[in-house]
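Q: In terms of this note's numbering, the sequence shown is residues 282 to 571. No residue lacks a Cβ here, since even glycine has one placed at the ideal position from N, Cα and C.
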Amino acid sequence: MDKDLTINYYRIEKAISYLTANFRSQPDLDEIAEKVSLSPFHFQRMFLDWVGLTPKKFVQYLTLDHLRTEIQHTHNVIEAAGLVGFSSQSRVYDLFIKIEGVSPEQFKSAGAGLEIFYGYHVTPFGMCFIAATERGICDLHFIDEFAKRDEYQLFEKKWPFATLHHRPDITQGFIQKIFRRDSTNTEKLNLLVQGTDFQIKVWEALLNIPFGTVQSYQQVTGQMGYPGSIRAVASAAGKNPISYLIPCHRIICKNGEVGNFTYGKVRKQAMIAWEMGKSNIIRQTTGSSA
282 MDKDLTINYY
292 RIEKAISYLT
302 ANFRSQPDLD
312 EIAEKVSLSP
322 FHFQRMFLDW
332 VGLTPKKFVQ
342 YLTLDHLRTE
352 IQHTHNVIEA
362 AGLVGFSSQS
372 RVYDLFIKIE
382 GVSPEQFKSA
392 GAGLEIFYGY
402 HVTPFGMCFI
412 AATERGICDL
422 HFIDEFAKRD
432 EYQLFEKKWP
442 FATLHHRPDI
452 TQGFIQKIFR
462 RDSTNTEKLN
472 LLVQGTDFQI
482 KVWEALLNIP
492 FGTVQSYQQV
502 TGQMGYPGSI
512 RAVASAAGKN
522 PISYLIPCHR
532 IICKNGEVGN
542 FTYGKVRKQA
552 MIAWEMGKSN
562 IIRQTTGSSA
């Protein structure tokens, strides 16, 4: 089952890549389905199961015009009323997340005395590695199926003296909260991170970008009080140890270009449009206009 879901995600990535590259020619369902080696019926059903939208509607969220408009919309709402200006419906998919920095003592001891549980799980964006302590999630990265051991070894180097336990039964609960929540959930998650004071400040700033929206690098640096530090902020975002939850995928270029991403441009596009689609479905369901 997990293998099938992973294969389907890569089909979706391939379809997104083709759709965005050929947006002006408006490829039809048959053409897109052929590119991913599925029948039109099965491709449409796979896409609807993934995001609740048709491929044609989905790709509209990724046009430069739409993303530029979204940047300005988010800016206007925040300028007018701060994050309180977003209605409860428009923020209903957001998680309540708190970042906690690792203490200097634990940082120096490389996790001595710390118990960490980890697992590999399928998400809407492919396979991921996730790790957590009793104090919160300390790692989340997207990986290829064949890279499980490599990811574990990288993580082990970060916490060489911690006790690591392969406990997917525990980490599955976090995956459920992160990716499979519904509109009635108001989950709270704690993140345990290693980073400099500046990096942690950047990661906290990213948490202020609501689900289903995007901001430009200029907006984020301006709100942080570092308007001339785009490169430094981008670098800190790129060192994000807990992907997706610390939403560096929601920062894009001011011209509407999606920009670079650790896991590739197409995965970033998938995350952005998936969130926008989910957010729009919630607004339609609840009648919110935010």
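#1: Once the 5 residues before and after Val-365 are set aside, which same chain residues still bring their CB inside 8 Å of it?
#2: How would you write the range of the beta strand (DSSP E) that Leu-473 sits in, first residue to last?
#3: Just to check my reading of the structure: Pro-449 and Tyr-525 have Cβ atoms closer than 8 Å, yes? What is that Cβ distance to the nearest angstrom?
#4: Please report the Cβ distance between Val-474 and Ala-517, rounded to the nearest whole angstrom; I am assuming they are in contact, meaning their Cβ atoms lie under 8 Å.
#5: Please return the same chain residues whose Cβ sits closer than 6 Å to the Cβ of Glu-556, not counting the five positions on each side in sequence.
#6: Alpha carbons only, please: which of Asn-541, Phe-339, Met-505 is nearest the one belonging to Ile-490?
#7: If you draw a straight line from the C-alpha of Tyr-507 to the C-alpha of Cys-534, how long is it?
#8: In the DSSP assignment, find the unbroken alpha helix (DSSP H) run with Gly-486 in it and report its ends.
#9: Return helix, strand or coil for Asp-420, following the three-state DSSP convention.
#10: Please classify Ser-320 as buried or exposed, where buried requires at least 16 other C-beta atoms within 10 Å of its C-beta.
#11: Per DSSP, what are the beta-bridge partners of Cys-409 in this structure?
#12: On a Cα-Cα basis, can you pick out the residue from Ala-412, Tyr-544, Phe-423 that is closest to Thr-444?
#13: Using the DSSP secondary-structure output, state which residues sit across from Lys-379 in a beta bridge.
#14: Going by beta carbon distance, what residues of the same chain come within less than 8 Å of Ile-481, once the five residues before and after it are set aside?
#15: Taking only runs of the alpha helix (DSSP H) that begin and end inside the segment 494 to 554, which ones reach a length of at least 4 residues, in chain order?
#16: For the segment 292 to 302 against the segment 414 to 428, are there 3 or more C-beta pairs whose distance is under 8 Å?
#17: What is the rounded straight-line gap between the Cα of Ser-306 and the Cα of Ala-314?
#18: To the nearest angstrom, how far is the alpha carbon of His-530 from that of Leu-488?
#19: When you compare each of Arg-564, Asn-561, Gln-550, Glu-432 to Thr-344 by their alpha carbons, which one comes out closest?
#20: I think Ile-397 touches Trp-440, with their Cβ atoms under 8 Å apart; what is that distance to the nearest whole Å?
#21: Measuring straight from C-alpha to C-alpha, what distance separates Phe-328 and Asn-289?
#22: Let me confirm a value: Phe-455 is counted as buried when at least 16 other C-beta atoms fall within 10 Å, else exposed. Which label applies?
#23: Helix, strand or coil for Ile-288 per DSSP?
#24: In whole angstroms, what is the alpha-carbon distance linking Thr-335 and Gly-509?
#25: Within this structure, are the beta carbons of Leu-395 and Ile-523 separated by less than 7 Å?
#26: Can you tell me whether Leu-297 is helix, strand or coil according to DSSP?
A: In short:
#1: Within the sequence shown, residue 365 is the residue found at index 84, counting from 1. Low per-residue confidence applies at Val-365: pLDDT is 43, beneath 50, and the placement is therefore not dependable, though the value from the model is reported in the following sentence. If we look at Val-365 and ignore the five residues flanking it on each side, it has no Cβ neighbours.
#2: Here residue 473 corresponds to residue number 192 of the sequence shown, with the count starting at 1. Counting along the chain, the beta strand (DSSP E) containing Leu-473 begins and ends at 469 to 474.
#3: Along the sequence shown, read from residue 1 onward, the residue named residue 449 stands at position 168. Along the sequence shown, read from residue 1 onward, the residue named residue 525 stands at position 244. With 8 Å as the limit, Pro-449 and Tyr-525 do not qualify as a contact, their Cβ atoms being about 18 Å apart.
#4: What you label residue 474 is simply residue 193 of the sequence shown in a count that begins at 1. What you label residue 517 is simply residue 236 of the sequence shown in a count that begins at 1. Rounded, the Cβ-Cβ distance is 11 Å, inconsistent with contact.
#5: On the sequence shown, residue 556 is found 275 positions in, with the first residue counted as 1. Phe-492, Gly-493, listed in sequence order.
#6: Position 209 of the sequence shown holds residue 490. Comparing Cα positions, the closest option is Met-505.
#7: If you number the sequence shown from 1, residue 507 lands on position 226. If you number the sequence shown from 1, residue 534 lands on position 253. Rounded to the nearest angstrom, the two C-alpha atoms are 17 Å apart.
#8: Along the sequence shown, one-based indexing puts residue 486 at 205. Note on residue identity: the sequence assigns Ala, not Gly, to residue 486. 478 to 487 is the extent of the alpha helix (DSSP H) around Ala-486.
#9: Here residue 420 refers to the residue found at position 139 of the sequence shown. Strand at Asp-420.
#10: The residue labelled residue 320 in the question sits at position 39 within the sequence shown. By the neighbour-count rule (16 or more Cβ atoms within 10 Å), Ser-320 is not buried but exposed.
#11: Translated into positions along the sequence shown, residue 409 becomes position 128. According to DSSP, Cys-409 bridges with His-402, Phe-423.
#12: Start at 1 with the first residue of the sequence shown, and residue 444 comes out as number 163. Here the closest residue by C-alpha is Ala-412.
#13: The count along the sequence shown starts at 1 and reaches residue 379 at position 98. BP columns for Lys-379 point to Asn-471.
#14: Counted from its first residue, the sequence shown places residue 481 at position 200. The answer, listed in chain order, is Ile-380, Gly-382, Val-474.
#15: 498 to 505, 511 to 519
#16: no
#17: As a working note, residue 306 is residue 25 in the sequence shown. As a working note, residue 314 is residue 33 in the sequence shown. Their backbone Cα atoms lie some 16 Å apart in a straight line.
#18: What you label residue 530 is simply residue 249 of the sequence shown in a count that begins at 1. What you label residue 488 is simply residue 207 of the sequence shown in a count that begins at 1. So the two alpha carbons sit approximately 11 Å from each other.
#19: Walking along the sequence shown from the start, residue 344 turns up at place 63. The shortest C-alpha separation from Thr-344 is found at Gln-550.
#20: Along the sequence shown, read from residue 1 onward, the residue named residue 397 stands at position 116. Along the sequence shown, read from residue 1 onward, the residue named residue 440 stands at position 159. At roughly 6 Å, the Cβ-Cβ gap stays under 8 Å, so Ile-397 and Trp-440 are in contact.
#21: For this step, residue 328 is matched to residue 47 along the sequence shown. For this step, residue 289 is matched to residue 8 along the sequence shown. Spanning the two alpha carbons is a distance of roughly 9 Å.
#22: On the sequence shown, position 174 is the one that residue 455 refers to. Flag for Phe-455 reads buried.
#23: Along the sequence shown, read from residue 1 onward, the residue named residue 288 stands at position 7. Note: Ile-288 maps to helix in three-state DSSP.
#24: The residue labelled residue 335 in the question sits at position 54 within the sequence shown. The residue labelled residue 509 in the question sits at position 228 within the sequence shown. If I take the Cα positions, the gap works out to 40 Å.
#25: Within the sequence shown, residue 395 is the residue found at index 114, counting from 1. Within the sequence shown, residue 523 is the residue found at index 242, counting from 1. Going by C-beta atoms, Leu-395 is not nearer than 7 Å to Ile-523.
#26: As a first step, residue 297 must be located in the sequence shown, where it is residue number 16. Correcting the residue type first, residue 297 is Ile in the shown sequence and not Leu. If DSSP states are grouped into helix, strand and coil, Ile-297 belongs with the helices.
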